[in-house]
Amino acid sequence: MDYATILQILDSAVRLMTPLLLACLAGLYSERAGVFDIGLEGKMLMAAFAAASVAAVTGSVWLGLIAGIAGSLILAAVHGLASITFRGNQLISGVAINFLASGLTVLLGQKIFGLGGRTPSLAGDARFGPVTLPLAETLRGVPVLGPFYAEVISGHTPLVYVALIAVPLTWWLLFRTRFGLRLRAVGENPASVDTAGVSVTRLRYAAVAIAGLLCGIAGAYLATGLSAGFVKEMTAGRGFIALAALIFAKWRPWPALGATFLFGLFEAIANRYPNIEIGPVTIPSMFMNALPYILTVIILAGFVGRAIPPRAGGEPYVKER
Amino acid sequence: MSRWADVILTPLLSLLLAFAISALVILAIGESPVEALKVMVTGALGSSYGWGFTLYYATNFIFTGLAVAVAYHAGLFNIGGEGQAALGGLGVTLVLLAVPWPHWLLALPAAAVGAAAFGALWALIPAWLQARRGSHIVITTIMFNFIAAALLNYVLVNLLRPVGSMDPASARFPEATNLPKLTDFFALIGVEWGRNTPANVTFLVALLALFGVWLLIWRTRLGYEIRAFGRSEKAALYAGISPVRITVIAMLISGGLAGLMAINNVMGEAERLVLNAVEGAGFIGIAVALMGRNHPVGILLAALLFGFLYQGGGELALWTSIPRELIVVIQALVILFTGALDNMVRMPLERVFSPRSAQGSPR
């Protein structure tokens with residue numbers, strides 16, 4: 465394997481990491497505020513469909529992005545209503561949202577475009593194009609680092625950089641602002657936040673809405689950045705891999721970047737080498753695909769550092785009377 | 051609130067809401083809900099052919115619904131029915147291909163044991179992790195669904211695929227192990243019923259399972275312990291019930307029931323193991339259990355309803371321009387309204403049905 469191949473795999477890993485990272489951060493906000501979210505997958509799928517449809521009809525990818533975010537926010541609102549206002553089971557609500565998105569996207573897609581659930585292929589302004597970072601071509605001549613900068617760091621679509629910027633932003637928001645302190649507190653001990661005179665309901669809705677926004681961007685990226693259009697079930701379990709990455713990262717933003725990059729790298733390697741041969745042993749591609757899940761189970765088992773979720777996660781808050 | 055209102059009225063109103071919104075969805079895609087319902091009823095219930103498929107699907111959903119319900123009584127949410135049923139298929143396949151069975155009557159119990167054992171095994175690791183290491187069972191069972199899919203993919207492509215075949219599927223099971231269809235039973239008494247439909251003897255096994263789970267949960271000591279643990283872990287611990295034991299046993303039974311589904315779809319219908327044989331039935335079990343309030347009678351009714359929706363949905367896709375995915379939407383709405391939003395229906399009902407004196411007191 466030469467340097468050029470390694471660069472190609474890393475480049476592909478960054479692209480595959482992006483939807484995982486955005487969805488993982490979405491889950492981070494929600495779960496840090498005490499609302500479990502296994503509906504990341506559904507929100508992303510809905511956003512991917514809405515983004516691709518609007519981009520196909522209007523020819524503008526930016527309008528598509530807005531539609532994607534709106535689609536995801538609607539499902540986030542359903543989740544908030546069920547798990548915050550009506551104090552329902554957050555896990556069941558998440559399951560329902562995943563199915564709702566899976567069915568509605570095909571139903572609406574067939575109605576609007578009649579292509580069996582697909583949207584027409586996007587081209588030109590209906591897709592996100594690559595952004596060349598400053599000096600990428602000038603520095604290409606620098607040995608080792610030059611090609612790395614030009615291939616792996618530069619040349620991605622804008623949403624990749626949005627996802628990367630979201631990491632320090634999330635860290636700052638959660639650990640350096642009053643809002644972040646309260647949001648984390650509401651996931652650990654909502655009664656204390658309530659006693660301080662801050663609305664638990666409003667904080668949790670804010671967290672669920674931020675999760676909706678991030679899933680919206682993730683879905684829009686899938687349909688307009690990574691691929692050129694929406695295909696039935698195109699999220700393909702990414703919402704659950706993001707959930708796995710969230711546990712892997714122990715609900716922290718910087719490790720989330722590391723975990724999602726690792727899982728993106730697995731996918732990139734599995735795409736490039738369907739069967740990896742190490743001496744006499746052949747590792748099948750199925751194993752690479754299942755690796756994020758296997759690693760998460762091992763992490764969950766607590767054999768490699770313990771993952772402790774926010775304490776009030778999954779419990780609806782009932783105000784004391 | 052009176053008991054009948056809680057047990058009958060709340061789920062019924064939730065269901066009505068789910069169906070009302072489904073009707074709106076059909077209207078929104080420019081079709082007529084009344085016409086759609088007519089096509090579904092005719093296709094699924096209007097002939098013995100339709101019934102044959104409805105009962106076949108219902109059999110799958112009884113098993114997966116029971117699987118979710120048993121875990122639910124222990125306070126565990128098993129989303130892993132999909133993976134456990136897939137592994138059950140592997141168990142059935144290994145049993146049927148390893149031994150030259152002379153007759154299906156011998157093969158059926160052996161295959162059932164294989165199916166239940168593999169399904170239970172797949173539930174054991176998440177159960178043990180939950181009981182011993184405190185890892186959340188919902189997350190681990192989700193992960194195990196994906197691991198099961200990858201595992202089955204590998205086993206079918208690399209190990210079980212007959213030489214020379216391009217199809218990622220196992221060899222056909224020996225003819226002697228093919229289960230009799232319900233149509234054969236009707237033929238015995240001279241009635242022509244449901245020709246060329248997959249409904250088979252497993253339906254009767256499913257009815258037995260319903261009764262068995264009722265016995266287990268409400269008539270045995272173990273069932274009492276499971277329910278006590280599900281209501282309050284602390285109280286159960288105080289009463290001398292071991293959380294580890296109950297978690298593991300409840301999940302083994304749950305996984306075993308999900309695995310048993312394989313004697314219907316793998317042994318009874320496909321008669322070989324194919325890729326993605328479960329086709330989402332594991333997830334429908336969640337809707338069935340929620341709608342059936344985790345009681346065998348409710349689960350039977352809910353499984354029949356979903357069997358009807360499934361067969362009717364197939365007919366819709368055949369005769370109208372409404373895609374099959376409508377069923378997924380209805381399923382989602384049923385889960386949402388009966389599972390997550392049930393307080394939306396219950397809160398106003400409580401206000402109507404509560405005695406005047408109780409009003410305003412904290413509940």
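Taken in sequence, the protein lines are chains A and B. With the numbering used here applied, the first sequence covers 465 to 785. With the numbering used here applied, the second sequence covers 51 to 413. All C-beta atoms, glycine included, are put in the ideal place defined by N, C-alpha and C.
Taking residue i as the reference, give the member of the options with the closest Cα.
{"i": "residue 623 of chain A", "options": "A:561, A:575 and A:532", "result": "A:532"}
{"i": "residue 734 of chain A", "options": "A:711, A:723 and A:750", "result": "A:750"}
{"i": "residue 496 of chain A", "options": "A:478, A:724 and A:637", "result": "A:637"}
{"i": "residue 392 of chain B", "options": "A:561, A:553 and A:562", "result": "A:553"}
{"i": "residue 96 of chain B", "options": "B:243, B:163 and B:70", "result": "B:243"}
{"i": "residue 659 of chain A", "options": "A:588, A:647, A:506 and A:784", "result": "A:784"}
{"i": "residue 592 of chain A", "options": "A:626, A:577 and A:487", "result": "A:626"}
{"i": "residue 685 of chain A", "options": "A:620, A:782 and A:470", "result": "A:620"}
{"i": "residue 145 of chain B", "options": "B:317, B:326 and B:355", "result": "B:317"}
{"i": "residue 343 of chain B", "options": "B:390, B:362, B:328 and B:315", "result": "B:390"}
{"i": "residue 792 of chain A", "options": "A:661, A:632 and A:675", "result": "Past the edges of chain A, shown from 465 to 785, lies residue 792 of chain A, and the structure says nothing about it."}
{"i": "residue 701 of chain A", "options": "B:197, B:65 and B:381", "result": "B:197"}
{"i": "residue 787 of chain A", "options": "A:678, A:693, A:694 and A:736", "result": "Since the first residue of chain A shown is 465 and the last is 785, residue 787 of chain A is not available in this structure."}
{"i": "residue 528 of chain A", "options": "A:738, A:651, A:688 and A:715", "result": "A:688"}
{"i": "residue 695 of chain A", "options": "A:758, A:573 and A:668", "result": "A:573"}
{"i": "residue 139 of chain B", "options": "B:370, B:237, B:400 and B:326", "result": "B:326"}
{"i": "residue 732 of chain A", "options": "A:468, A:534 and A:478", "result": "A:478"}
{"i": "residue 142 of chain B", "options": "B:331, B:289, B:267 and B:315", "result": "B:315"}
{"i": "residue 313 of chain B", "options": "B:262, B:227 and B:352", "result": "B:227"}
Kindly indicate the opening and closing residues of the beta strand (DSSP E) around residue i.
{"i": "residue 748 of chain A", "result": "745 to 748"}
{"i": "residue 741 of chain A", "result": "739 to 742"}
Is the beta carbon of residue i less than 9 angstroms from the beta carbon of residue j?
{"i": "residue 590 of chain A", "j": "residue 520 of chain A", "result": "yes"}
{"i": "residue 729 of chain A", "j": "residue 720 of chain A", "result": "no"}
{"i": "residue 378 of chain B", "j": "residue 581 of chain A", "result": "no"}
{"i": "residue 118 of chain B", "j": "residue 339 of chain B", "result": "yes"}
{"i": "residue 776 of chain A", "j": "residue 584 of chain A", "result": "no"}
{"i": "residue 349 of chain B", "j": "residue 115 of chain B", "result": "yes"}
{"i": "residue 780 of chain A", "j": "residue 561 of chain A", "result": "no"}
{"i": "residue 764 of chain A", "j": "residue 193 of chain B", "result": "yes"}
{"i": "residue 571 of chain A", "j": "residue 85 of chain B", "result": "no"}
{"i": "residue 657 of chain A", "j": "residue 670 of chain A", "result": "no"}
{"i": "residue 72 of chain B", "j": "residue 368 of chain B", "result": "no"}
{"i": "residue 394 of chain B", "j": "residue 165 of chain B", "result": "no"}
{"i": "residue 229 of chain B", "j": "residue 154 of chain B", "result": "yes"}
{"i": "residue 128 of chain B", "j": "residue 136 of chain B", "result": "no"}
{"i": "residue 270 of chain B", "j": "residue 181 of chain B", "result": "no"}
{"i": "residue 113 of chain B", "j": "residue 335 of chain B", "result": "yes"}
{"i": "residue 93 of chain B", "j": "residue 100 of chain B", "result": "yes"}
{"i": "residue 499 of chain A", "j": "residue 543 of chain A", "result": "yes"}
{"i": "residue 108 of chain B", "j": "residue 303 of chain B", "result": "no"}
Taking the alpha helix (DSSP H) that residue i falls in, what are its first and last residues?
{"i": "residue 290 of chain B", "result": "Element bounds for residue 290 of chain B: n/a, residue is neither H nor E."}
{"i": "residue 56 of chain B", "result": "Looking at the DSSP string, residue 56 of chain B is not in any alpha helix (DSSP H), and its letter there is neither H nor E."}
{"i": "residue 467 of chain A", "result": "467 to 496"}
{"i": "residue 553 of chain A", "result": "Here residue 553 of chain A belongs to no alpha helix (DSSP H), and DSSP marks it neither H nor E."}
{"i": "residue 611 of chain A", "result": "609 to 612"}
{"i": "residue 539 of chain A", "result": "525 to 544"}
{"i": "residue 111 of chain B", "result": "98 to 123"}
{"i": "residue 88 of chain B", "result": "83 to 95"}
{"i": "residue 372 of chain B", "result": "Taken as a continuous stretch (DSSP letters only), residue 372 of chain B belongs to no alpha helix (DSSP H), as it is neither H nor E."}
{"i": "residue 424 of chain B", "result": "The requested residue 424 of chain B is not part of the displayed model; chain B covers only 51 to 413."}
{"i": "residue 604 of chain A", "result": "Looking at the DSSP string, residue 604 of chain A is not in any alpha helix (DSSP H), and its letter there is neither H nor E."}
{"i": "residue 61 of chain B", "result": "60 to 78"}
{"i": "residue 589 of chain A", "result": "Residue 589 of chain A -> no alpha helix (DSSP H), and no H or E assigned at all."}
{"i": "residue 388 of chain B", "result": "Per DSSP, residue 388 of chain B belongs to no alpha helix (DSSP H) and is neither H nor E."}
{"i": "residue 241 of chain B", "result": "Segment: none, residue 241 of chain B is in no alpha helix (DSSP H) and carries neither H nor E."}
{"i": "residue 522 of chain A", "result": "504 to 522"}
{"i": "residue 642 of chain A", "result": "642 to 652"}
From the DSSP output, which residues share a beta bridge with residue i?
{"i": "residue 231 of chain B", "result": "B:250"}
{"i": "residue 620 of chain A", "result": "A:595"}
Measuring only between beta-carbons, confirm whether residue i sits less than 9 angstroms from chain E.
{"i": "residue 185 of chain B", "result": "The structure shown contains no chain E; its protein chains are A and B."}
**OP:** Report the residue ranges of all alpha helix (DSSP H) runs contained in full by the segment 150 to 222 of chain B; include only those spanning at least 4 residues, in chain order.
**Re:** 154 to 178 and 187 to 204
Subject >> Segments of 3+ residues assigned as beta strand (DSSP E) that fall wholly inside the segment 660 to 732 of chain A >> reply: none
**OP:** Ignoring anything shorter than 4 residues or poking outside the segment 275 to 346 of chain B, list the alpha helix (DSSP H) runs there in chain order.
**Re:** 283 to 288, 293 to 310 and 331 to 341
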